[in-house]
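Student: Questions regarding the structure given below will be posed in turn.
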Amino acid sequence: MKRPNFLFVMTDTQATNMVGCYSGKPLNTQNIDSLAAEGIRFNSAYTCSPVCTPARAGLFTGIYANQSGPWTNNVAPGKNISTMGRYFKDAGYHTCYIGKWHLDGHDYFGTGECPPEWDADYWFDGANYLSELTEKEISLWRNGLNSVEDLQANHIDETFTWAHRISNRAVDFLQQPARADEPFLMVVSYDEPHHPFTCPVEYLEKYADFYYELGEKAQDDLANKPEHHRLWAQAMPSPVG
1 MKRPNFLFVM TDTQATNMVG CYSGKPLNTQ NIDSLAAEGI RFNSAYTCSP VCTPARAGLF
61 TGIYANQSGP WTNNVAPGKN ISTMGRYFKD AGYHTCYIGK WHLDGHDYFG TGECPPEWDA
121 DYWFDGANYL SELTEKEISL WRNGLNSVED LQANHIDETF TWAHRISNRA VDFLQQPARA
181 DEPFLMVVSY DEPHHPFTCP VEYLEKYADF YYELGEKAQD DLANKPEHHR LWAQAMPSPV
241 G
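Each step along the sequence shown adds one to the number in the UniProt record's numbering, with nothing skipped, and position 226 is 226.
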């Protein structure tokens, strides 16, 4: 029997109220909604951590972060901890990971170095993306695109974005003739809609009149929450905090 292939598409910081199939609102997430309609949609699946690295560690190792090591951002899992890439590779799968990783003990962008359980030819973390940009573009991506006006003034299009380049690599992997002869696991890990918000200008114009009604929770001043909740909200960019 031919073994199945696995394609794992991941977005970052995308709450269920920002996906049409969960919110019931016209959010123009048709492709995600189609996948949900054709497959299984979980209504009570929760991340094991509200912070990036521990959440990813739980997802890719199957172990709670307090056992695997990364209790907060920029802390790597223990050397004795294996990811799904290792398990699939040991089972004879071609394993490919493209996009944001954030499990190497470094910052959001990573080191650019591919872990041995993944295909190095397709590895493309934040450091790899930044290596393709000019110094001006790096400065823009990290610090200078904070408003609609900034995006328009710098003529940001889809080819500039990390997501576009991730997608191109994913398509290239799938189109290789070898895909027909061996089972594969491919993880396509987008950083969007996590900030920085590098939205191509064409989409700014397309959705210029779109208004999302936030609801009561967005108005919560967190007065009845622990102080670190308020400090975190103050430190985050306004679209997130």
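Glycine is no exception: its CB is placed at the ideal position from the N, C-alpha and C atoms.
#1: Unbroken alpha helix (DSSP H) runs of length 4 or more, entirely within the segment 83 to 119: which are they?
#2: Roughly how many angstroms separate the alpha carbons of residue 246 and Asn224, rounded to a whole number?
#3: With Phe184 as the anchor, note down where its beta strand (DSSP E) starts and where it stops.
#4: So what's residue 265 in DSSP terms, helix, strand or just coil?
#5: In this structure, how does DSSP classify Val9 when only helix, strand and coil are distinguished?
#6: Applying the criterion that 16 or more other CB atoms from any shown protein chain within 10 Å of the CB defines a buried residue, is Glu192 buried or exposed?
#7: What first and last residue would you give for the alpha helix (DSSP H) that runs through Thr53?
#8: Quick check: what's the CA-CA separation for Asn5 versus Arg179?
#9: By a C-beta neighbour count over all protein chains shown, 10 Å radius and 16 as the cutoff for buried, is Gly241 buried or exposed?
#10: In terms of residue numbering, what span does the alpha helix (DSSP H) encompassing Val201 cover?
#11: In the DSSP assignment, the alpha helix (DSSP H) including Glu213 goes from what residue to what residue?
#12: What's the C-alpha gap between His228 and Tyr87?
#13: Just to confirm before moving on: does the CB-CB distance between Gly112 and Ile166 stay below 8 Å?
#14: Report yes if the CB atom of Val201 is closer than 8 Å to the CB atom of Ile156, and no otherwise.
#15: What span of residues does the alpha helix (DSSP H) with Asp157 cover, start to end?
#16: Can you name, in chain order, every residue of its own chain whose Cβ lies under 6 Å from the Cβ of Ser82, other than the five neighbours on each side?
#17: Going by Cα to Cα distance, which pick from Val187, Thr11, Gly24, Phe173 is closest to His195?
#18: Please return the same chain residues whose Cβ sits closer than 6 Å to the Cβ of Ala55, not counting the five positions on each side in sequence.
#19: Answer with buried or exposed for Tyr129, where buried requires no fewer than 16 other C-beta atoms within 10 angstroms of its C-beta.
Tutor: On the basis of the coordinates in this document:
#1: Listed in chain order, the complete alpha helix (DSSP H) runs (minimum 4 residues) inside the segment 83 to 119 are 84 to 90.
#2: Residue 246 lies beyond the residue range present for the chain, which begins at 1 and ends at 241; the question has no answer from this structure.
#3: Phe184 -> beta strand (DSSP E) spans 184 to 189.
#4: Residue numbering for the chain in the displayed model covers 1 to 241; residue 265 lies beyond these limits and cannot be assessed.
#5: Correct three-state label for Val9: strand.
#6: Buried, because 16 or more other Cβ atoms sit within 10 Å of the Cβ of Glu192.
#7: Segment 52 to 61, the alpha helix (DSSP H) holding Thr53.
#8: A direct Cα-to-Cα measurement between Asn5 and Arg179 gives close to 9 Å.
#9: With a pLDDT of 36 at Gly241, under the threshold of 50, the predicted position of this residue should be treated as unreliable, though the coordinate-derived value follows. Gly241 should be labelled exposed.
#10: DSSP places Val201 inside the alpha helix (DSSP H), whose first and last residues are 201 to 206.
#11: Premise fails: Glu213 is in no alpha helix (DSSP H) and is neither H nor E.
#12: A straight line joining the alpha-carbon of His228 with that of Tyr87 spans about 37 Å.
#13: Not closer than 8 Å, so no.
#14: Closer than 8 Å, so yes.
#15: Where Asp157 is concerned, there is no enclosing alpha helix (DSSP H), given that its DSSP letter is neither H nor E.
#16: So no residue of the chain qualifies.
#17: The shortest C-alpha separation from His195 is found at Thr11.
#18: For Ala55, same chain residues with a beta-carbon under 6 Å away, outside a window of 5 residues either side, are Thr47, Ser49 in chain order.
#19: Under this definition Tyr129 is a buried residue.
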